[in-house]
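Here the structure is laid out as C-alpha cells; the discussion comes afterwards.
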Amino acid sequence: MEMMLEGGEPTVDQLQTIIRRLTIGREIVPVMMGTAFKNRGVQPLVDAVVDYLPSPLDIPAPTAQDADDPSELVTVTSDDSQPHCSLAFKLWSDPFVGKLVFFRVYSGQLTKGDTIINTRTGRKERVSRLLMIQADKRTEVDTVYAGDIAALVGVKNISTGDTLCVRERQLMLEPPTFPEPVISMAVEPKTKADRDRLNDGLQRLAEEDPTFRCFTNEETGQLIIAGMGELHLEIIRDRLFREFKVEANAGAPQIAYRETVTVAADGEGKFVRQSGGRGQYGHALIKLEPNERGKGVSIENKVVGGVIPKEYIPAVIAGLNEAVSGGVLAGYPMVDLKIAIVDGTYHEVDSSELAFKMAGIFALKDAVRKASAILLEPVMKVECTTPEEYQGDLLGDLNRRRGKIVSIEAKNTATILNAHVPLAEMFGYATAIRSLSRGRASYSMEPFSFEPVPASIVAGILDTAKPKDSRS
C-alpha cells in the first residue's frame with residue numbers, strides 16, 4: 034500500500050507473496066473466475082492452488098499412531114531424510130493401466146523397487162511403477178519425495194485411508210471418515226449376459242468411492258446399491274453405462290431407515306426342539322435399554338453362576354447381533370442399544386450353539402416389543418441459495434416437505450436458506466427448485482442426523498416394509 038501511495042507499482046512476485054501470506058493466515062479468500070465446461074480460467078485456478086495455498090511446511094506436522102503401540106503418537110515431519118510414510122486417499126480404475134492408488138507422501142522418499150507395508154493389513158507391497166499425474170497426462174518417475182502426490186500402479190491390497198510405511202517405522206495416520214449411505218435401490222442388468230460385467234463394475238466403483246456400497250439382499254436375492262443421495266446413485270448408473278458398457282434397470286429409491294427403542298425392557302428367548310434322539314435347548318434372558326444417540330449397539334455378558342456355560346455365550350451374542358441387523362419393526366437395522374445377557378438355563382445333553390443363538394434372537398425380539406420401538410429416518414442438512422423474490426415459494430415448499438428452517442441469511446442480492454429436511458421428502462427436489470425459481474436457485478445437502486419418524490407416517494412405512502425374519 035505504501036509503495037502504491039508513493040507512486041510505485043508492486044511486482045507480480047510481491048503481490049503473490051502478499052496474497053499467499055494473507056491466505057495462509059485466513060485473512061482473505063482469493064476468488065477465481067472461470068468455467069470448466071468451456072475450459073476458461075482452469076489453468077489460473079490450478080496455478081493459484083500452487084501459488085497461494087499452504088505447503089506441508091506452512092502447517093503443523095500431523096501425528097500418527099505407532100502401529101505396535103497405538104497409545105504412542107509420532108510427529109510425521111515433511112522431511113526427505115525421514116523414513117517413508119504416506120496415505121492412500123483415492124482409488125481409480127484406469128482403462129489403460131488398471132487400478133491406480135493415489136497417495137500423498139508425508140515423510141521420506143519412495144523409489145521404484147522399494148517394499149512398503151500397509152499397516153492396516155500388515156501386508157507387503159512392492160513398488161513396481163510410480164506415476165505423477167497431471168490431468169490426463171501420466172509421467173512415470175523413479176522417486177517421489179515428501180509433499181508429493183503420486184499414484185501407485187500394480188498394487189492389489191490397498192484401500193482408501195490406508196497408511197503405507199517402511200518396515201523400520203510402521204505408523205498409522207488418521208484416515209478420512211466417511212458417512213454411512215442414506216439411500217438405496219435395487220438394480221439388475223437388462224440382459225443376463227451383462228450380469229458379470231455389472232457385478233465387476235459395481236465392485237470397482239465401490240473400491241473407488243467409500244461412500245458407495247453394493248450388496249445382495251439375502252432374503253430377496255436382489256442386488257442393492259446404496260449411496261449418499263438420489264444424484265449419487267444416478268451418477269453410479271451413468272458410470273456403469275459409460276465405463277463398463279452395462280445398462281441397468283433400477284427400482285425406486287429406498288430410504289435407509291433405522292430402528293431403536295425408547296424405554297428399558299427385559300426379554301426372554303427359549304428355543305426347544307425334541308424329535309426323537311438328541312434335541313435342542315437354549316434359554317437366555319436379557320436386559321435392553323436405549324443407548325445415547327450415535328453410540329451404536331453394545332452387548333455385555335452379565336451372566337453369573339454358570340447358568341449359561343461360557344462356551345455358549347458367543348452363540349447368544351451372535352443371535353443378538355443377527356436380530357439387531359434384521360430389525361423387528363420393519364426389517365431395518367437397529368441402532369443405539371445397550372444389551373446385557375443376565376440369565377438363562379441349559380440342558381446338559383440337548384444344549385447347543387444353534388439353540389443358544391436362536392434363544393438370543395428370540396430374547397431381543399421379545400424385549401424390543403416391550404420397549405416402545407420407533408423408526409428413525411435420515412435427515413439432511415439443506416442449504417438453498419435463491420434470489421430474494423423466490424424466498425417465500427422455497428420456504429413454503431420446504432415446510433411442505435417437513436423441513437425445519439434453521440436460519441435465513443441475506444448475502445448481497447441473494448438469500449441463503451438453511452434447513453433440516455427428511456431425506457424421504459427430498460426426492461425430485463432438483464426439479465422442484467428449478468421450477469419454483471425459474472432456474473435461478475441452487476441447493477446442496479449433506480447427511481445431518483437420524484430423527485424419529487412422525488407417528489402419522491410410520492403406518493405407511495410399516496405397510497410397505499416387511500421384516501426380514503418373522504420368527505418369534
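Last residue of the sequence shown: 505 in the numbering used here, with the numbers rising by one and none dropped.
Quick reminder that beta carbons are idealized off the backbone N, C-alpha and C, glycines included.
| Query | Result |
| --- | --- |
| Okay, do the region 174–182 and the region 218–230 touch, 3+ Cβ pairs below 8 Å being the bar? | no |
| Please confirm whether Pro-222 and Ala-281 have their CB atoms less than 8 Å apart. | yes |
| In whole angstroms, what is the alpha-carbon distance linking Thr-44 and Gly-74? | 22 Å |
| Return helix, strand or coil for Gly-262, following the three-state DSSP convention. | coil |
| To which residues of the same chain is Thr-448 closer than 6 Å at the C-beta, ignoring the five residues directly before and after it? | Thr-419, Glu-421, Gln-424 |
| For Leu-205, I'd like the list of residues in its chain whose CB is within less than 7 Å of its CB, leaving aside the five on either flank, ordered along the chain. | First, the residue type needs correcting, since residue 205 is Met and not Leu in the sequence shown. Only Ala-97, Gln-98, Ala-100, Thr-152, Thr-196 meet the Cβ criterion. |
| DSSP state of Lys-157, grouped into three classes? | strand |
| Can you have a look at Leu-48 and say buried or exposed, based on whether 16 or more other CB atoms are within 10 angstroms of its CB? | exposed |
| With a threshold of 8 Å, are at least 3 pairs of Cβ atoms found where one atom belongs to the region 394–410 and the other to the region 460–472? | no |
| Could you round the C-beta distance between Ile-341 and Val-349 to whole angstroms and report it? I think they count as a contact, below 8 Å. | 7 Å |
| Could you tell me the alpha carbon to alpha carbon distance between Phe-122 and Asn-324, rounded to whole angstroms? | 33 Å |
| The beta strand (DSSP E) spanning Thr-196 covers which residue range? | 196–198 |
| Would you kindly check if the distance between the Cβ of Leu-321 and the Cβ of Ala-297 is under 8 Å? | yes |
| Can you tell me the Cβ-Cβ gap for Val-361 and Val-415, rounded? I've got them flagged as a contact below 8 Å. | Not a contact, Cβ separation roughly 31 Å. |
| The beta strand (DSSP E) that contains Phe-70, what's its start and end? | Segment: none, Phe-70 is in no beta strand (DSSP E) and carries neither H nor E. |
| Where does Ala-363 fall in DSSP's three states? | coil |
| When we look at the beta-carbon of Val-160 and count the other beta-carbons within 10 Å, is it buried (16 or more) or exposed? | buried |
| For Val-220 and Ala-465, I'd like the C-alpha separation in whole angstroms. | 26 Å |
| According to DSSP, is Tyr-476 helix, strand or coil? | strand |
| Pick from Asp-46, Phe-483, Asn-72: whose alpha carbon is nearest that of Tyr-5? | Outside the displayed range of the chain (34 to 505) lies residue 5, so it cannot be described from this structure. |
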